[in-house]
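Residues in the sequence shown are numbered consecutively from 2, following this note's numbering.
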Amino acid sequence: MSTLQRISAFVVGTLAIIAIAAASRIPISLGTGTDALVRLSWRVDGIIMEECRQLTDEELEKLPVHMRNENACIGRIAPYHLQVGLEETRLVDDTIYPGGARGDRPIYVLHDIPVTPGRHRVRIRFEPILPVGAPPGIGGIPLYMDTVVTVRATQIVLVTTDENATDLVIR
């Protein structure tokens, strides 16, 4: 590297550092200062639904001997339906799918709902979506909340599950 290239690199680097330092001093507004949030944040392991089918003789022949099993089962976690209402307005109506490439990871709910300060009636329904023909009593705990919360300006009200993940609570 020539001397001119080294000097140029030094000057460009120095100017970049100065620009970053100057930009970090620019004031920004992160809100009006009167906003509040209802934050939904929880995790459920979900209900594992197995889909099984019998492999054909051709499919079995393609597998190594130690992997041959007449039944091929794929386990997936059932999605959940999330509904959130504030007063009489439905704000969220969404299907929450499990993570992972195969849909076999836990389900995470992460929603921020901006609200004005004051008293609000919050209604939450979080129910598993079971496939048609699923055996009765397969499980999956639906979670419900219907409560009135009072929020102050800039306050964040956290809605999450209790220690056993069987009920929604405010923290």
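Here a beta-carbon is modelled for each residue, glycine too, at the ideal position from N, C-alpha and C.
Under a three-way DSSP split, which group does residue i fall into?
i    : result
V117 : Checking the displayed sequence, the identity of residue 117 turns out to be Thr instead of Val. Reduced to three states, the DSSP call for T117 is coil.
R122 : strand
V133 : coil
Which two residues bound the contiguous beta strand (DSSP E) that contains residue i?
i    : result
L61  : No beta strand (DSSP E) contains L61, which is instead part of the alpha helix (DSSP H) from D58 to K63.
Q73  : This sequence places Ala at residue 73; Gln is not what is there. Here the beta strand (DSSP E) through A73 covers N72 to I78.
Q55  : I49 to Q55
Y81  : Y81 to L87
D147 : L144 to V152
R44  : A37 to V45
Just confirm the distance between the C-beta atoms of residue i and residue j, as a whole number of angstroms; I'd bet it's less than 8 Å.
i    : j    : result
V149 : R122 : 5 Å
V152 : T161 : Rounded, the Cβ-Cβ distance is 16 Å, inconsistent with contact.
L92  : G101 : That belief does not hold up - the Cβ atoms of L92 and G101 are roughly 28 Å apart, past 8 Å.
T15  : P118 : So it is not a contact: roughly 47 Å between Cβ atoms.
E52  : C74  : 7 Å
Can you name the start and end residues of the alpha helix (DSSP H) that residue i belongs to?
i  : result
T4 : T4 to A24
Query raised in the report: If you pair each beta-carbon of the stretch 69 to 81 with each one of the stretch 102 to 115, do three or more pairs fall below 8 Å?
Result: Between the stretch 69 to 81 and the stretch 102 to 115 there are three or more C-beta pairs closer than 8 Å, enough to call the two in contact.
Query raised in the report: Just checking, does the stretch 2 to 10 make contact with the stretch 33 to 42 on the three C-beta pairs under 8 Å criterion?
Result: The stretch 2 to 10 and the stretch 33 to 42 do not touch, with fewer than 3 CB-CB distances between them shorter than 8 Å.
Query raised in the report: Contact between the stretch 109 to 128 and the stretch 65 to 79: three or more CB pairs below 8 Å?
Result: Judged by pairs of C-beta atoms under 8 Å, the stretch 109 to 128 does not touch the stretch 65 to 79, as fewer than three such pairs exist.
Requested in this report: Count the CB pairs spanning the stretch 145 to 158 and the stretch 121 to 136 that are closer than 8 Å, and state whether there are at least three.
Outcome: Because the criterion of three Cβ pairs below 8 Å is met, the stretch 145 to 158 and the stretch 121 to 136 touch.
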